[in-house]
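Going by my numbering, the first residue of the sequence shown is number 416, and it counts up by one from there. Written below as structure tokens is the structure these notes are about.
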Amino acid sequence: MTTSTATLSDGRSVQFLPTMIGEGGMKQVYFTADRKSVVCFFKDQSTAVDPNRLARLEAILGHFNPTMDPVTGPEFAQLYCWPTGIVVSPHLGVMTPAYSSNFIFGSGRFKGKEKEGKWFSSPKLRKMLPADERGNWLNYLQMCIRMARAVRKMHNTGLAHSDLSCRNVLVDPKSGTCAVIDIDSLVVPGKYPPDVLGTPGYMAPEVVASQHLSHLDPKRCLPQISTDLHALPVLIYEYLLRRHPLDGPKVNSTVSTEEDVRLSMGERALFIEHPQDRSNRPKSGLNVLTEHLGPTQGPQARLYLPHLFQRTFVDGLHAPNNRPTAGEWEKALNRTTDLLIPCGNPSCEEKWFVYLPDQKQQKCPWCGWQLRKKIPVLEFHYAPRRGQFRPENHCLVAWDQRRLHLWHVFTDKQPTEGVDKRTLAYTAFHQGQWILINKDLDSLISPSGNPVPKGQACLLQEGDEILLSKNDRGRLVSVHMIP
Numbered sequence: 416m417t418t419s420t421a422t423l424s425d426g427r428s429v430q431f432l433p434t435m436i437g438e439g440g441m442k443q444v445y446f447t448a449d450r451k452s453v454v455c456f457f458k459d460q461s462t463a464v465d466p467n468r469l470a471r472l473e474a475i476l477g478h479f480n481p482t483m484d485p486v487t488g489p490e491f492a493q494l495y496c497w498p499t500g501i502v503v504s505p506h507l508g509v510m511t512p513a514y515s516s517n518f519i520f521g522s523g524r525f526k527g528k529e530k531e532g533k534w535f536s537s538p539k540l541r542k543m544l545p546a547d548e549r550g551n552w553l554n555y556l557q558m559c560i561r562m563a564r565a566v567r568k569m570h571n572t573g574l575a576h577s578d579l580s581c582r583n584v585l586v587d588p589k590s591g592t593c594a595v596i597d598i599d600s601l602v603v604p605g606k607y608p609p610d611v612l613g614t615p616g617y618m619a620p621e622v623v624a625s626q627h628l629s630h631l632d633p634k635r636c637l638p639q640i641s642t643d644l645h646a647l648p649v650l651i652y653e654y655l656l657r658r659h660p661l662d663g664p665k666v667n668s669t670v671s672t673e674e675d676v677r678l679s680m681g682e683r684a685l686f687i688e689h690p691q692d693r694s695n696r697p698k699s700g701l702n703v704l705t706e707h708l709g710p711t712q713g714p715q716a717r718l719y720l721p722h723l724f725q726r727t728f729v730d731g732l733h734a735p736n737n738r739p740t741a742g743e744w745e746k747a748l749n750r751t752t753d754l755l756i757p758c759g760n761p762s763c764e765e766k767w768f769v770y771l772p773d774q775k776q777q778k779c780p781w782c783g784w785q786l787r788k789k790i791p792v793l794e795f796h797y798a799p800r801r802g803q804f805r806p807e808n809h810c811l812v813a814w815d816q817r818r819l820h821l822w823h824v825f826t827d828k829q830p831t832e833g834v835d836k837r838t839l840a841y842t843a844f845h846q847g848q849w850i851l852i853n854k855d856l857d858s859l860i861s862p863s864g865n866p867v868p869k870g871q872a873c874l875l876q877e878g879d880e881i882l883l884s885k886n887d888r889g890r891l892v893s894v895h896m897i898p
């Protein structure tokens, strides 16, 4: 097998196959000889003498590289396709890991194609996929959590992606995983400017509205962290609701299609679910709304998805400073997983829906199935002072084999990178009764005040209070049966 040699900036030599396997707007891509990595050469070789380009790559591989952390690095390596080397010969480029096989269609009419988001967010394209590739709603929620985590980590280090889109985040709904790609063009505001403005449909309105202005015009808006905070929720909205948040029937120009799109995604962009202005609301197809994705009432409603979509696409659509952070999205998505109810309709494609505390009846918005069997909801309480518990206005919907993790038991733990993910307890439906089984909790206390040893269980009945841990950060849960 004939190979060519690429030299990296650290002196390593890498053999790569001479047949080009892909080409984008900026790079040409080749497999390394072992096919575990790819070598990506920049097409415009004037970049080879651009010190800014080389400095950007060195910063991305070094100072800004989250995959180098000894504790969380391996976890972040799965969330990105982060460059592993800078190629200096025969041309300037980067070496990155090859895409994991789960991000490539392995069979069927699309065998060998990358799993770009459009296949799964478009109802028309999704119907063309085999049923086992589509995933269910829980998978999409998990996918969005990982995507928000990846973006949050970039932003916390000062980086902006600048081109988040369905093309630059590979997804696998079967496993609920994703990988952010095109890392070599990340933006450091004020230091390393963007190479591109973004992808149509994901560019922030202020970028679209000002793209006709000169780069020197102070009113020109370029990609930065705040524009990522538009693109990220567009992706989340598409994956969870299978439609674009701004793509409605309103016509903003009859001069040309191009001008209509520019206005509709730019200065006149309008959320299709805007609570007051319904002029861009489709006449059909809005069976599931953002209000079906979490609580909309009560003191903690601001922490859930409906409120974050409101802040993004109403309050923050034309006011970038009002947009939620990626960290807020990650937390809201994680909180949503606590509220999931398994749909009892075997033919429901989505399989899961969100518990809405302010609704008397819990009904799957996807298929209409209604919950009739009693299931427990564990309402969380925290103790600002030892022994004085107050409601957190958050809960965990319990179903058969529902697991409780460290972040459910202790108030100072979050379901994020580096946290211990082992199961500490789980709920089960056993012999006609709901029970909580202690798997690995040191001080679980039953409603009667007695310790529950590991391997033992206590009943879950309406009004019961169970102390999950005697630790100062330990939670107490009260049991509420629904519906």
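The beta carbon of each residue, even a glycine, is placed where N, CA and C say it ideally should be.
If you draw a straight line from the Cα of Thr-672 to the Cα of Ser-679, it comes to about 10 Å.
DSSP places Pro-866 within a strand segment (E or B) once states are collapsed to three. Ranked by how close their Cα comes to the Cα of Gln-774, the residues Asn-583, Glu-621 and His-707 have His-707 in first place. Exclusion of the five residues before and after Val-666 leaves Asp-675 as the residues of its chain whose Cβ lies within less than 7 Å of its Cβ. Per the Cβ contact rule, the region 738-745 is in contact with the region 555-573 (3 or more Cβ pairs under 8 Å). Using a Cβ distance threshold of 7 Å, Phe-456 and His-506 count as a contacting pair. Within the same chain, Cβ atoms closer than 8 Å to the Cβ of Ser-428 are found at Thr-420, Ala-421 and Thr-422, the five residues on either side in sequence being excluded. If you draw a straight line from the Cα of Lys-458 to the Cα of Cys-782, it is about 49 Å long.
When C-beta atoms of the region 622-636 are compared with those of the region 592-603, fewer than three pairs fall below 8 Å, so the two segments do not count as touching.
Judged by beta-carbon spacing, Ser-580 lies beyond the 7 Å limit of Pro-638, meaning their Cβ atoms are not closer than that value. Only residues of its own chain outside the window of five on either side were considered, and among them Pro-721 have a CB closer than 6 Å to the CB of Thr-711, listed in chain order.
Straight-line spacing of the CA atoms in Leu-553 and Ala-734 works out to 31 Å. In summary, His-627 is exposed, with fewer than 16 beta-carbon neighbours lying within 10 Å of its beta-carbon over all protein chains present.
The criterion of a C-beta distance shorter than 7 Å is satisfied by Leu-819 and Ala-840. DSSP, reduced to helix, strand and coil, places Ser-694 outside both helices and strands of the structure shown, so it counts as coil. Taking a 10 Å sphere around the C-beta of Val-453, we find 16 or more other C-beta atoms and assign the residue as buried. DSSP places Pro-433 within a strand segment (E or B) once states are collapsed to three. Rounded to whole angstroms, the gap between the alpha carbons of Pro-538 and Arg-549 is 11 Å. The three-state reading of DSSP puts Lys-451 in coil, since its state is none of H, G, I, E or B. Uninterrupted alpha helix (DSSP H) stretches at least 4 residues long and entirely within the region 455-542 occur at 466-476, 488-492, 533-536 and 538-541, given in chain order.
Judged by DSSP secondary structure, Tyr-797 falls within the beta strand (DSSP E) whose first and last residues are 790-800. For a cut-off of 8 Å, the C-beta gap from Glu-794 to His-645 is around 35 Å, too long to register as a contact.
Excluding the 5 residues flanking it on each side, Ser-536 has same chain C-beta neighbours closer than 7 Å at Cys-581, Glu-653, Tyr-654 and Arg-657, in chain order. Around the beta carbon of Ile-790, a 10 Å sphere encloses 16 or more other beta carbons of the protein chains shown; the residue is thus reported as buried.
Boundaries of the beta strand (DSSP E) harbouring Gln-848: 848-853, taken from the DSSP string. For Trp-552, there is no enclosing beta strand (DSSP E); the enclosing alpha helix (DSSP H) covers residues 552-571. Looking at the DSSP output, Val-584 sits in a beta bridge with Val-595.
Shown here for Val-611: same chain residues with a beta carbon closer than 6 Å to its own, the five before and five after excluded, namely Asp-578 in chain order. When secondary structure is reduced to three states using DSSP, His-823 falls in the helix class. Taking all protein chains in view, the Cβ of Lys-528 is surrounded by fewer than 16 other Cβ atoms within 10 Å, so the residue is classified as exposed. If you ignore the 5 residues before and after Asp-835, its C-beta comes within less than 7 Å of the C-beta of Leu-821, all in its own chain and listed in chain order.
If you check the CB distance, Ser-424 and Ile-501 come in under 7 Å. Closest in alpha carbon position to Pro-660, among Phe-728, Gly-709 and Pro-604, is Phe-728. Around the C-beta of Ser-694, fewer than 16 other C-beta atoms lie within 10 Å, and the residue is accordingly described as exposed. The Cβ atoms of Gly-508 and Met-558 lie no closer than 7 Å to each other. As for any beta strand (DSSP E) of minimum length 3 sitting wholly inside the region 731-775, the runs are 755-757 and 767-769, ordered along the chain.
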